[in-house]
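Working notes, beginning with the structure itself.
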């Protein structure tokens, strides 16, 4: 997709990582070298790789994708991303489009022929093949960046078409679950938002399950089906990612950061941190700070 790659390259020159564009909910992403284990919380979106390669780690699962493929995320997920192919001369490039649950739900109502209800709860992330219709839609959306006067009128229409293509593609059922009222995916999404808002506080699984209308056993089963983690594992992953950001940006020590994100034991925090990020907190932050200084 050389035409799309050229546009993403042009509008991602502001620096490494994600660059917001003039189209709301559309970002251009660039990384100029292979990097190790970049943790982040993905919100519902679809990512079109146009140059380079990347893999995303969800707990113990690996989702690798390349040009001609896309990554779709249907709920907020704490993952670790790793660019496996990218350089200064030929950086990793990606067009990211956020998914609007309200617009997806509207399309489902207006198009009765779209995917029927699916009983099984799908994983909240998947890699799909980029077909001609979806690829053309992504290119036309990106081309609006070259004609900003057209964005207010045409961007909403093309994004709507992009959603339609996702809802009629090979993974339509998984996308539809995000927007279908009362679906297990949507209810787990509500629980996830509550966990994110209160990640540093104790959580009673019985109360959380009750608030989204599920039994405790059903809640555990559906939550793990969507996220590959239990609710408490998910909360711990959020805490660890927030802690890493705090230590890196505010240069706080591990013990005070552990208490700040909700841990009662700094030693437990250090053990779980090393298990996720590969190094204990102090060493990990030193390496990250050194990498930033070199950049």
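In our numbering, the protein residues as written are 2 to 296.
Built from N, CA and C at the ideal position, the CB exists for glycine as well.
Query	Result
Distance CB(residue 238)-CB(residue 214) smaller than 9 Å	no
Pick from 194, 98 and 110 that is closest to residue 157, judged by C-alpha positions	98
Neighbourhood of residue 72 by C-beta distance below 6 Å, restricted to the same chain and skipping five residues each side	48, 66 and 128
Among 135, 95, 75 and 283, nearest to residue 84 - alpha-carbon criterion	95
Closest residue to residue 60 among 19, 9, 124 and 17 (Cα-Cα distance)	124
Separation of residue 46 from residue 168, as counted between CA atoms	14 Å
Identified DSSP bridge partners for residue 83	56
Helix, strand or coil at residue 264 [DSSP, three-state]	coil
Extent of the continuous alpha helix (DSSP H) to which residue 18 belongs	Where residue 18 is concerned, there is no enclosing alpha helix (DSSP H), although the beta strand (DSSP E) it sits in stretches over 18-21.
8 Å contact criterion, which residue 24 and residue 142 should meet: CB distance rounded	7 Å
Entirely enclosed beta strand (DSSP E) segments - the stretch 211-235, minimum 3 residues	none
Cβ pair residue 165, residue 108 closer than 9 Å	yes
Secondary structure of residue 62, DSSP reduced to three states	strand
Cα-Cα separation, residue 105 to residue 174	12 Å
Residue 270 (DSSP reduced to helix, strand or coil)	helix
Classification of residue 154 by the beta-carbon crowding that lies within 10 angstroms, buried from 16 upward	exposed
Three-way DSSP call (helix, strand, coil) for residue 195 in this model	helix
Candidates 147, 51 and 172, of which the one nearest residue 5 by Cα	51
For residue 99: DSSP bridge partner residues	46
Inter-stretch contact at 8 Å, needing at least 3 Cβ pairs: the stretch 228-235 / the stretch 248-262	no
Coarse secondary structure for residue 190, derived from DSSP in three states	helix
Residue from 15, 75 and 82 with nearest C-alpha to residue 54	82
Buried versus exposed, by CB contacts within 10 Å (16 or more), residue 190	buried
Three-state class that DSSP yields for residue 160 in the structure shown	helix
Rounded separation between residue 152 and residue 144 - CA only	10 Å
CB-CB length for residue 33 against residue 89, believed under 8 Å	5 Å
Residue-chain proximity (residue 199, chain D), Cβ-Cβ < 9 Å	As a matter of chain content, chain D is missing from the structure shown, which is built from one protein chain.
9 Å Cβ cutoff met for residue 201 and residue 243	yes
Where the beta strand (DSSP E) containing residue 73 begins and where it ends	70-74
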